[in-house]
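Reviewing the structure listed below.
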Amino acid sequence: MQTRILIIEDHVLVREALALTLAQVGDGVYCQQASNAADALALLEADPDCDLLVVDLMLPEINGFSLLGIIAKRFPDVPALVVSALDDRESVQRAMKAGASGFVSKASPSNTLIEAVRTVLAGGVFTPDAATGSATGDGGSRSRRASQAFAERFQLTAAQGRVLELVAQGKSNRDIAEFLGLSEGTVKVHVSAILRALGVTSRAQALLMMTRAGLRV
């Protein structure tokens, strides 16, 4: 099965390096490339059947933050992973609020990018904090894998999976809304759908199920 990724980066050498790294994600990875937001949007309009966008923030004319907002409105089912040299906490939070499903610093090793891509493709959320794991080493990765497996078990959508992962971290609906750049009402709709899928009637019961399934709460 083919995985289609659109790389949006204005430096050709960086685009080519990203494409080579993304080929390691798995068999069937096909990368398209765009040097600016306008070209990327034109490609998506012509063929919106894309599995993932890899977006730089420092794009000419329309920057990555603005592009994320446009994508969230026009192509809400296509997740975006930011890969940028702007890796300060404010930029990360701003990108996530704009609609990104993950963030990787350009200073990160290639295996971090590969992990981030796999996480986002599976419906998860990946941030620099997640990349460091926990004090026990790979605890962060184990938690994300458990969250993704749990979401797949109950056939949750990618959006519901992202909300679920944050619910498992004990975040409130308001916190989740702020983190993902959604309205609190939208988050409540996702949480209600998750509860129905899990066959429970309360957030507490859902958290108990997730704890038993190995998710850190």
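Heads up: the sequence shown is residues 1 to 217, going by my numbering.
Just so it is clear, CB atoms sit at the ideal spot from N, CA and C, and this is done for glycine as well.
DSSP, read as helix, strand or coil, puts G102 in strand. In the DSSP assignment, F126 forms a beta bridge with G102. Taking 8 Å as the upper bound for CB-CB distance, G69 and V55 are not in contact here, some 11 Å apart.
Taking the Cα of L44 as reference, the smallest distance to any Cα among L180, V78 and E61 is reached at V78. Secondary structure note for Q32: its beta strand (DSSP E) is the uninterrupted segment V29 to A34. Around the Cβ of A37, a 10 Å sphere holds 16 or more other Cβ atoms; the residue is buried. A direct Cα-to-Cα measurement between T201 and L113 gives close to 37 Å. By the neighbour-count criterion, in which a residue is buried when 16 or more other Cβ atoms sit within 10 angstroms of its Cβ, H11 is exposed.
For S110, the enclosing alpha helix (DSSP H) covers residues S110 to L121. Annotated three-state conformation of S183 is coil, per DSSP. Around the beta-carbon of N111, fewer than 16 other beta-carbon atoms lie within 10 Å, marking it exposed. Assigned with DSSP and collapsed to three states, S84 falls in strand. Taken through DSSP and simplified to helix, strand or coil, L208 comes out as helix.
Comparing alpha carbon positions, the residue from G102, P76, N173 and A107 closest to G185 is N173.
Partner residues in the beta bridge of R4, as assigned by DSSP, are Y30. Around the CB of L13, fewer than 16 other CB atoms lie within 10 Å, so the residue is classed as exposed.
Using a 10 angstroms sphere on the CB of E90, the tally of other CB atoms stays under 16, which defines it as exposed.
With contacts defined by Cβ atoms closer than 7 Å, L6 and L53 form a contacting pair. Rounded to the nearest angstrom, the gap between the Cα atoms of I194 and L180 is 17 Å. In this structure, the straight-line span from the alpha carbon of V25 to that of R118 is close to 7 Å. In the structure shown, the three-state DSSP call for V55 is strand. Counting only the Cα atoms, C31 lies some 6 Å from R4.
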